[in-house]
Structures are given as C-alpha cells and as structure tokens.
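Working notes, structure below.
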Amino acid sequence: MSVQQETHGFQTEVAQLLKLVTHSLYSNKEIFLRELVSNAADAADKLRYKALSDPSLYEGDGELRVRLSVDREAGTLTIADNGIGMTRDEAIEHLGTIAKSGTADFFANLSGDAAKDSQLIGQFGVGFYSAFIVADKVVVRSRAAGVDTTAGVEWTSGGEGDYTVATIEKTGRGTEIILHLREEEKEFLDEWRLKQIVSKYSDHISIPVEMWQEGTPEREEGGETIPATEGQWQAANKATALWTLSKSEISDDEYKEFYKHVAHDWEDPLLWSHNKVEGKQEYTSLLYIPAKAPFDMWNRDNKHGLKLYVQRVFIMDEAEQFLPQYLRFVKGLVDSNDLPLNVSRELLQDNKVTQALRGALTKRVLGMLDKLGRNDDAKYQQFWSQFGNVLKEGPAEDFANKEAIAKLLRFASTANDSSVANVSLPAYIERMKEGQDKIYYIVADSYAAAKNSPHLELLKKKGIEVLLMSDRIDEWLMSHLTEFDGKALVSVTRGDLGLDDLSDEEKAEQEKQAEEHKPLLDRVKEALGEKIKEVKVSQRLTDSPACIVTDEQDMSSQMIKLMQAAGQPVPEVKPIFELNLTHPLVAKLEQEVDEERFKQWAGLLLSQAMLAERGSLDDPSEFVAQLNSLWLELSH
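Its first residue numbered 11, the sequence shown is counted upward by one per residue in the working numbering.
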C-alpha cells in the first residue's frame with residue numbers, strides 16, 4: 011500500500027523537452043530502449059563501485075543484470091535492474107528536473123523544425139525522457155540499495171504537466187520502469203523485436219540484459235519423450251565489455267554504438283582510437299572524438315572527462331584528471347590495472363599513475379587529430395568547425411605539448427579569399443617567401459576587419475601571407491604562442507614589422523623621410539598630446555593615410571577588449587601613430603598653416619586609424635564634430 015502520495019509539476023524545461031521528444035524523435039523511436047537499458051547498466055556499475063567499500067549493499071544478491079519483460083494483456087514493457095536504485099528525493103530530483111547548466115540557452119536555440127530539433131536534442135541528451143516516445147504513461151518503481159524495504163518510491167506520469175510520487179514497499183533494490191505503450195507502439199511487446207534492438211544497441215554492455223524464455227511442456231518426438239523445461243531468464247546481449255576485446259573482433263558499427271552508450275550522444279562519432287598498453291604501465295583506452303559539440307561545451311565548470319575503470323570494474327564517470335581542459339570534448343574510457351580499486355577523485359589528483367596516464371592519453375588524442383589533419387582535410391574541417399576554439403586554449407594550458415597543438419591549429423589567410431580557417435602553420439611555412447623568417451598575423455573583431463586592415467598593405471604589396479584571426483580567444487592564444495618551428499609569430503599591429511627583405515635603399519629612404527619630415531611629426535605629436543605615445547613614419551602603409559600600432563611592451567587592443575569583457579581592470583595604453591607620407595591627406599596636413607585646423611585634421615586622421623584598428627572610439631561625438639566642422643569649411 012502506498013503512502014505520502016504527492017503531485018508535483020514538472021520543471022518548465024522538462025515539460026518543453028517531453029513535448030519535443032514525443033514530436034521530434036518519433037522517426038527513430040527504438041532508441042528509447044537503448045537509453046533505458048544504458049541507464050540501467052550505469053546504475054548496476056555504480057552499485058558495484060559502492061559495494062567495494064560496503065558489500066552489504068548487495069543485500070545477498072551480487073549478480074547484477076537488467077531484465078526486460080512484457081505483459082501483452084496490460085500492454086506494458088518493463089525494464090528492471092538491480093542496481094543502485096533511488097530514494098524518494100532522488101526520484102524527484104532526477105526525473106522531475108533537468109540539472110544541466112545552459113539548459114535555457116539550449117531551448118532558445120530550438121527552431122520548431124522537428125528534423126533540426128531532433129539533432130539538437132541528440133546533443134543535449136534526454137535519457138529517461140525518451141520513454142515517452144512510445145509510452146503514454148510511465149511508472150518508475152525504485153528502492154535505493156541498503157535502505158529499508160518500506161522506503162521504496164513510485165513515480166508516475168503521463169508525460170504532460172505533472173507527475174505523482176508515492177512511498178511504497180519494494181522488496182528488491184534497484185529500479186523498474188513500466189512503460190504503458192501507446193496502441194500504435196505494440197510492436198515493442200514482441201520478444202523477437204526486443205532481442206533485435208538489444209543485440210543492435212547493447213551487445214557491448216558488460217551487464218547481462220535478460221529476457222524471459224518460456225518453458226516447454228513434455229512432448230513426444232520420434233518415439234522419444236522429451237521432458238518439460240522450466241522457463242528461465244536468458245541473456246539477450248553478449249555482455250562482454252567491448253574495450254576488453256581485440257580490435258579485430260569489433261566492427262565499426264559496434265564501436266559506434268558503444269560511443270553512444272558512453273557519451274549519451276545519438277550521432278556517430280567522428281573518429282576513435284582503441285589502444286591496449288602493456289609494460290611499465292598496463293591500461294586500455296578507448297577514446298572518441300564526437301562529430302558535434304555538445305550544447306554546453308563552453309561552460310568550463312560543466313562536468314566532463316572519461317569513464318574510469320580499474321581492472322574492468324567501473325569506478326567513476328567524468329574523471330577529468332586524465333585529459334586537460336582543452337580536450338574536454340573527448341569521450342570514452344580508460345581501464346587501468348595499476349590504480350587501486352578504492353581510488354577516489356581526491357587520490358586521483360596527485361597520483362603518479364594518473365599523471366602518467368594523463369600524459370599518454372593527451373599525446374594519443376593529439377596524435378589522432380594530427381593524423382586526421384594530414385589524411386582527411388574535409389573531416390578535419392568538420393572537427394575544427396566544432397572544436398577549434400576549444401583547442402585554442404591548449405598553448406596556454408599545456409606548455410609541454412605546445413608545438414603539437416600548434417600544428418593542429420587552422421587560420422584564415424590572405425592566401426585565399428575564404429573566411430574558412432583552413433591554413434595550418436606548417437602550410438604557411440611551406441609558402442613563406444625566400445628570406446622571410448617570421449610568421450605574420452592580425453587579430454581583429456571580424457574576418458572583414460582583419461582582411462581589409464590597413465596594417466596589411468605593405469605585406470600584401472610584397473606578396474607576404476598574413477594569417478587572419480577574428481575569434482575572441484585568438485588574442486589570448488597568440489599571447490602564449492609566440493613561435494612555431496623556430497619562427498617568431500609577429501602581429502602586424504604591433505611595433506616594428508621586422509621586414510628583413512627591405513633593401514638597403516628602402517631603409518635609407520625611410521630614414522631620410524623621417525628626418526626631412528621631422529617638423530610634421532613633432533607638430534602632430536604636439537596637436538594630439540596625451541592621446542598618443544609617439545608619431546612615426548609608417549613602413550607598413552601604402553594606400554591608407556595613417557594607422558595606430560601597439561608598442562611591443564604594451565597590451566594589444568584586442569587583449570584590452572577581452573579583459574574588459576571579462577570585467578578585468580586594464581592599464582591605460584597609448585598607441586603609436588604612424589603616418590603614410592606619400593598619401594595626399596598627409597601632404598595636405600603638412601601644408602596646413604592654421605594650427606586649429608591642423609589639430610582638427612590630425613585628430614580626424616587619428617580617429618579614422620582607431621576605428622580601423624579597434625572598431626570603436628572612446629568619444630564618437632568628438633569625431634563627428636571634427637568631421638562636420640571640416641566638411642563645412644570645405645563646402646565654402
């Protein structure tokens with residue numbers, strides 16, 4: 011008899027998700043069974059781990075399994091496990107709410123297009139709620155391992171706006187999910203159909219997935235009496251941990267299905283690597299690169315990491331100690347023979363075995379990506395479009411692998427007209443002009459701003475390639491990536507370009523110009539005062555009248571923006587103002603005798619240069635006033 015029955019309303023996001031699940035995922039409805047069996051297997055794994063320190067949790071039954079049973083008369087399918095189980099509070103928490111950061115953003119991105127939304131839902135992961143694809147009523151009966159039989163919980167919902175929770179008596183620990191199938195979904199009451207789905211999706215799960223096999227009556231056959239057999243539970247899956255098999259025994263489809271189980275993703279992975287190491291260290295790893303980024307990838311506080319097994323015993327999910335943050339998109343598992351079975355997250359942190367595994371697994375992932383980049387441009391571009399900006403965190407985070415990470419980076423470039431980032435640093439070096447010993451780049455607010463920046467003019471004229479960067483993280487990346495393959499990376503907006511291919515005649519001409527026009531430079535410095543650090547003759551401009559550059563020792567404009575956006579205090583940085591003495595506007599400025607008008611023209615040129623470099627002005631009204639004033643004068 012149940013007591014303490016209560017009705018609760020679903021969290022708003024759950025109600026939205028249930029509606030989407032029933033409408034958007036109908037075309038692939040059999041995946042509900044994969045999701046529920048996968049959850050049941052996880053519950054068994056968790057009990058096995060907890061029982062290492064408290065064997066009484068087994069309650070005398072250590073044979074872990076998942077069982078499927080049908081009741082044709084009632085029209086129900088039941089998925090039952092004898093795993094860790096849930097308390098009443100846990101049932102409310104896990105089944106009534108979605109405790110995922112970024113959930114609101116996820117729902118904001120839904121379009122109402124069932125096909126597109128189903129792909130997005132796949133990245134979000136719905137697990138238990140997939141039951142409502144085929145059921146118009148779901149009953150969950152559960153009891154946590156180790157608690158009294160009277161502390162069971164029954165959770166019931168029709169998948170609409172609310173659910174009921176009641177306290178019940180439940181003899182066996184674990185969870186059973188009873189699906190009241192819709193009339194049109196009765197195919198899932200067919201044992202053969204269920205076995206087919208289990209074999210397709212759950213062969214790799216190490217927990218047996220069992221189905222009831224009816225017994226046979228006594229019968230005569232060929233003059234012989236065949237005795238009756240009793241009904242029994244029989245495994246419908248191979249129940250062998252996939253990663254323990256040799257690669258030759260595993261098909262690509264099996265690798266893909268195992269990925270979906272491990273990652274709770276509905277799409278095939280982009281690539282994977284299965285590796286067994288014996289010797290000083292003994293471990294097996296199975297690492298996957300997803301095809302698409304999860305919706306919450308940019309939340310660095312979100313849980314991530316590999317599944318950890320020790321001697322084939324599940325220890326924990328999301329063990330983040332085995333890969334650095336910039337590889338947080340990698341899914342999979344590591345099974346170590348060298349760690350103790352009672353290892354905790356805290357012990358993992360400073361464990362020498364963990365540190366060795368982290369180094370080895372990091373190198374393996376970087377090696378996977380390097381091989382992909384060399385052998386399959388299209389597939390690598392798919393990876394880069396999804397995870398490139400996360401990988402850019404690497405050079406700052408992982409000094410030991412900085413060069414290996416740098417090889418994997420991709421950039422847009424002046425070598426082509428595409429905004430697609432598809433140029434690697436090795437490819438840039440191969441195309442460098444004879445005598446060039448630096449890699450040139452620019453960071454701007456957008457691809458268009460980078461491509462059309464006046465800072466590129468001389469380099470374009472000389473046919474020198476420049477890498478074009480416009481992602482917010484790029485300035486942070488380049489502050490930590492100062493050289494590659496022995497060649498310095500130089501920003502075209504900072505200090506001296508260091509163009510070693512300038513002829514002696516060109517250098518002599520620049521020095522001569524600077525000396526001849528020193529009075530102009532001094533007048534401009536006096537006119538602009540504290541707004542600038544100094545005025546120079548530009549070596550980088552051919553078409554524009556002026557530009558601003560940042561001193562080598564100062565913080566760049568893009569880094570200032572990055573820190574301001576993060577709410578960080580930034581120092582005052584005054585730019586160096588460069589003038590193109592061959593430009594008519596600069597020639598006109600030099601001839602101006604009216605000091606007030608000279609000051610206006612100098613201010614206008616500085617504002618233009620700042621707009622081109624920074625995309626904004628501290629005081630736009632001053633720029634507008636200068637422009638209007640000069641227009642009025644010119645119109646008379």
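We treat Cβ as the ideally placed atom computed from N, Cα and C, and that holds for glycine.
All values reported here derive from a predicted model rather than from experimental measurement.
The alpha helix (DSSP H) runs of length 4 or more contained entirely in the stretch 253 to 291 are, from start to end of the chain, 262 to 273.
With fewer than 16 other beta carbons inside 10 angstroms of its own, E440 counts as exposed.
For S212, no beta strand (DSSP E) run applies; the uninterrupted alpha helix (DSSP H) run containing it begins and ends at E201 to S212, by DSSP. The alpha carbon of T492 has as its nearest neighbour, out of E228, K472, P630 and A406, the alpha carbon of A406. Proximity to N347 across A329, L333 and V320 peaks at V320, based on C-alpha coordinates. When Y293, L591, L337 and D146 are compared, the shortest CA-CA separation from V323 is found for Y293.
If you check the CB distance, F332 and L357 do not come in under 8 Å.
Under the three-state reduction of DSSP output, R504 falls in the strand class. Close CB contacts of L468 within its chain, under the 8 Å cut and outside five residues either way in sequence, are with L507, L509, Q549, R550, L551 and T552 (chain order). Looking at the backbone, the Cα of E103 and that of N432 are separated by about 45 Å. Under a 10 Å Cβ-count criterion, A597 is classified as exposed, with fewer than 16 other Cβ atoms of the shown protein chains found around its own Cβ. Distance between N312 and H274, taken at the CA atoms: about 15 Å. Taking a contact to require three or more Cβ pairs closer than 8 Å, the stretch 239 to 246 and the stretch 219 to 230 qualify as touching. Considered as a whole, the stretch 131 to 202 harbours 145 to 153, 162 to 167, 172 to 178 and 184 to 191 as its complete beta strand (DSSP E) runs of no fewer than 3 residues, in chain order. Closest option to Y457, judged by alpha-carbon separation, among Y438, D447, R482 and G473: R482.
A direct Cα-Cα distance of roughly 5 Å separates E16 from V175. Given a length threshold of 4 residues, each whole run of the alpha helix (DSSP H) inside the stretch 321 to 367 is given here in chain order: 355 to 359. In summary, R384 is exposed, with fewer than 16 beta-carbon neighbours lying within 10 Å of its beta-carbon over all protein chains present. F42 has its alpha-carbon roughly 57 Å from the corresponding atom of K470.
Between L74 and A90, the C-beta gap is not smaller than 8 Å, which leaves the two residues out of contact. Going by beta carbons, A246 and V219 fall inside the 8 Å limit. Taking every protein chain shown into account, the CB of T185 has 16 or more other CB atoms within 10 angstroms, so this residue is buried. Taking a C-beta distance under 8 Å as the contact criterion, R229 and L297 do not qualify as a contact pair. With a cutoff of 8 Å on beta-carbon distance, L419 and S395 are scored as not near each other. The shortest CA-to-CA distance from F494 to any of G162, P436 and A50 is the one to P436. Here DSSP, grouped into helix, strand and coil, assigns M488 to helix. The continuous alpha helix (DSSP H) containing S567 extends over residues S567 to A575.
Counting C-beta atoms within 10 angstroms of its own C-beta, D447 has fewer than 16 neighbours from the protein chains shown and is therefore classed as exposed. Per DSSP, the unbroken alpha helix (DSSP H) holding D99 starts and ends at R98 to G106. Measuring C-alpha to C-alpha distances from T177 to each of W165, I187 and I188 identifies W165 as the nearest. Under the 10 Å beta carbon count, A50 is surrounded by 16 or more other beta carbons and is classified as buried. Taking the Cα positions, F633 is about 16 Å away from C557. With respect to the 8 Å criterion, F608 and L599 are classified as neighbours on the basis of their beta carbons. Inter-residue distance for Q392 and A301 is about 8 Å (C-alpha atoms, whole angstroms). About 7 Å separates the beta carbon of K341 from that of Y269, a gap short enough to meet the 8 Å contact definition.
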